[in-house]
Amino acid sequence: MGYRFLIFGLILFSCGRTVETKNENEHKNENADTSVFVEKGKQEESPALLKQIDFSNRVFDIGDATHFTDTCSFYFECDCCSGLLLFNKDSTFYYKDYCVTDISIGTGTYSIKNNLFSLNFDGRKVSDIYNMEYDLDSTVTEYTKRDTLIESLVTRYSLELCGNRKKLVNLDKSVIAIETSSDYQKEIYFLQNNGYLKRLNQLKR
373 MGYRFLIFGL
383 ILFSCGRTVE
393 TKNENEHKNE
403 NADTSVFVEK
413 GKQEESPALL
423 KQIDFSNRVF
433 DIGDATHFTD
443 TCSFYFECDC
453 CSGLLLFNKD
463 STFYYKDYCV
473 TDISIGTGTY
483 SIKNNLFSLN
493 FDGRKVSDIY
503 NMEYDLDSTV
513 TEYTKRDTLI
523 ESLVTRYSLE
533 LCGNRKKLVN
543 LDKSVIAIET
553 SSDYQKEIYF
563 LQNNGYLKRL
573 NQLKR
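Just so we're aligned, residue 373 is where the sequence shown starts under the numbering used here, counting upward by one.
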């Protein structure tokens, strides 16, 4: 399957128990390290100011820090090392993960507390897995729907500015998310139109 980037190792989008179509093993996760919420590389002293920063209706690219360039953007040289974070007005978010022809969608809430930016994954994940046999036989199912529940996961980030764009960085500097100009409504429409949001809502903890 090649090199596969997932925000927090292989925990969130490569394990879980299948709800609909396929059984998988459950794995326990490890909480990511915490970090100080900063802006322009300096510790922010006013928690009230942090809460004024608006993430709603924003789209962030996320990937391994080794692919981040000095132009405040990513240069991906692999098929499975990028994703999108979509931040909603109600403090929820969606994570959209690509790997070649496969796609996985996760969800959770985000918050700013104790000078930390937190992503709180609730463990729901829906995926469309491409059936390689379809390349040879178009009569077989093209995609397998795989909806899973795994343990919830909380990760914490610092906030920096890269130019005039927000940049989230985890403590060990291995993962970066950068604000983009991507159309938030277009991304949400994609999730709605392809049934991902409905499938997420049908998953129960």
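Even for Gly, the Cβ is constructed at its ideal location relative to N, Cα and C.
What's the call for T520, buried or exposed, on a 16-neighbour Cβ count within 10 Å? It counts as buried.
Local Cβ density within 10 Å of K461, reported as buried at 16 or more and exposed below that: Burial call: exposed.
Mind checking which residues open and close the beta strand (DSSP E) that includes E551? V547 to E551
For L569, the three-state DSSP class (helix, strand or coil): helix
Residues bridged to I425 (per DSSP): Its beta-bridge partners do not exist; DSSP assigns none.
Go through its chain and collect everything with a Cβ distance to G567's Cβ below 6 Å, but skip five positions before and after it. none
Could you check if E551 is buried or exposed, using at least 16 other CB atoms within 10 Å of its CB as the buried criterion? buried
Taking Cβ positions, are E559 and L456 nearer each other than 8 Å? yes
Just mark A549 as buried or exposed, buried being the case when its beta carbon has 16 or more other beta carbons within 10 Å. buried
Please confirm if the segment 479-489 is in contact with the segment 505-514, defined as three or more CB-CB distances below 8 Å between the two stretches. Using a Cβ-Cβ distance cut-off of 8 Å, the segment 479-489 and the segment 505-514 are not in contact, since fewer than three pairs of beta carbons, one from each stretch, lie closer than that value.
Could you tell me the alpha carbon to alpha carbon distance between Q476 and V498, rounded to whole angstroms? According to the sequence provided, residue 476 is Ser. The question's Gln does not apply to it. Looking at the two C-alpha atoms, the distance is approximately 6 Å.
Quick one: Cα of L488 to Cα of T473, how far? 34 Å
Which whole-angstrom value is the C-beta distance of L563 and Y466, which I expect to be below 8 Å? About 6 Å separates the Cβ atoms of L563 and Y466, confirming a contact at the 8 Å cut-off.
Grouping DSSP H, G and I as helix and E and B as strand, with all else coil, what is Y561? helix
Check this for me: beta carbons of G495 and S463, under 8 Å apart or not? No.
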